[in-house]
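All remarks here apply to the structure that follows.
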Amino acid sequence: MSAKVERQNNITRKNLVSSLMIGLIVGLLAGLPLGWLAHQFYAEQRLADVLVCREKNRNLPEVQVQAICGSRF
699 MSAKVERQNN ITRKNLVSSL MIGLIVGLLA GLPLGWLAHQ FYAEQRLADV LVCREKNRNL
759 PEVQVQAICG SRF
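Residue numbering for the sequence shown follows my numbering, beginning at 699 and increasing consecutively.
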């Protein structure tokens, strides 16, 4: 009979910390550009909506236009 020794995968604190750091770095590298692109898309859409609304209500006083359409920024 041969004795089989099972090798256990012990997770050490060092492995957990390094995995966490790698995950954070990869998340930042992937998340920042995606967040920036999403923000740019939203900002352009919002500006377009405001400009269309202002054009539709151009005969009203500025106070009413701002109340209806909101600010450009």
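The C-beta atom is built at its ideal place from N, Cα and C for all residues, glycine as well. Note that the structure is predicted; figures quoted are calculated from it, not measured.
- Going by DSSP, Ser769 is part of no alpha helix (DSSP H) at all; its letter is neither H nor E.
- Shown here, Pro759 sits in coil according to DSSP, grouped into three states, outside any helix or strand.
- Scanning its chain for C-beta atoms nearer than 7 Å, with the 5 sequence neighbours on each side dropped, one finds no residue around Ala746.
- Closest in alpha carbon position to Arg752, among Arg744, Pro759, Val763, Glu742, is Val763.
- In the three-state reduction of the DSSP assignment, Ile709 falls in the coil class.
- Asn755 is a Cβ neighbour of Cys767, given a cutoff of 8 Å.
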